[in-house]
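Here the structure is laid out as structure tokens; the discussion comes afterwards.
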Amino acid sequence: MDVVAALGSFMIQSNCFVLDSNLRVKIVFRGPFAWQIRENSIGSSMAVSDFKHESNISAFADLFHKVYFDGDNENLPNRLVEDAIQLIGRCRVKDLKSRPTMENVVKEMETWNLT
Numbered sequence: 012m013d014v015v016a017a018l019g020s021f022m023i024q025s026n027c028f029v030l031d032s033n034l035r036v037k038i039v040f041r042g043p044f045a046w047q048i049r050e051n052s053i054g055s056s057m058a059v060s061d062f063k064h065e066s067n068i069s070a071f072a073d074l075f076h077k078v079y080f081d082g083d084n085e086n087l088p089n090r091l092v093e094d095a096i097q098l099i100g101r102c103r104v105k106d107l108k109s110r111p112t113m114e115n116v117v118k119e120m121e122t123w124n125l126t
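Be aware that the sequence shown starts at 12, since it is given in my numbering, and climbs by one per residue.
In structure tokens:
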């Protein structure tokens, strides 16, 4: 198994990362994480055809939460923790149309002061 990162019990394998035509990294949800997202949706009133970009933002929020908070985060600045929690919350709101787009998520994260 080719593991790129291990965060607590959550492992990200190299085959989860692909490049698009602009050579940007994309995350492909595979394995147990993808299964978990599908299983969590079973109790939902949404049909499979209803899963669009807005519902994928929730999957991104789940992944971001695992990566950001399931590992050693004692050195994270408090302002970053609060920014991340707020962003994750907005990505998980019930009303799909109220969720940010991935473009908005990236723009917001680019404004975070990481120093």
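No residue lacks a Cβ here, since even glycine has one placed at the ideal position from N, Cα and C.
| query | result |
| --- | --- |
| Cα-Cα separation between Ser109 and Leu98, rounded to whole angstroms | 12 Å |
| Whole-angstrom distance between Phe71 and Val29, CA atom to CA atom | 15 Å |
| Euclidean distance between Cα positions of Glu121 and Val36 | 16 Å |
| Alpha-carbon spacing of Ile68 relative to Arg103, whole angstroms | 7 Å |
| Which of helix, strand or coil DSSP assigns to Lys37 | strand |
| DSSP beta-bridge partners of Val29 | Lys37 |
| Residues near Glu119 by beta carbon distance below 7 Å, same chain, minus five either side | Leu98 |
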